[in-house]
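Structure, as structure tokens:
In our numbering, the protein residues as written are 57 to 180.
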């Protein structure tokens, strides 16, 4: 059976069993629904400005240029860099893993809190 046929059959079977609300009750319910819908305010997140993105990009370029200049001036090769970093490798890897995990945790927490607030608002 199609959904339309099923819907028609259900309506026909339940026709005499349900009590119909008065027109004034329907009007009051619709007025309340419209009032609640009008009270909702759209959530607009604060997006970083173009100047902010450009500033961070320039900082990144300066850091990269400084690192390359340091390597060039001291005639460092990858072998020398790896040999010098071997004692600190566990610290570097721990920091490289901890920072993204922290950022992901903060992002997930904010997302979950936002969803919970939306659910609470929809229930009210």
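Backbone N, C-alpha and C define an ideal beta-carbon position, used for all residues, glycine too.
message: The alpha helix (DSSP H) that contains residue 166, what's its start and end?
response: First-last of the alpha helix (DSSP H) with residue 166: 145-179.
- request: May I ask you to report which of helix, strand or coil DSSP gives residue 60?
  value: In the three-state reduction of the DSSP assignment, residue 60 falls in the helix class.
- request: Return helix, strand or coil for residue 72, following the three-state DSSP convention.
  value: Of the three classes helix, strand and coil, the one that applies to residue 72 here is coil, per DSSP.
Coarse secondary structure for residue 132, derived from DSSP in three states: Looking at residue 132 - three-state DSSP - the assignment turns out to be coil, as it is neither helix nor strand.
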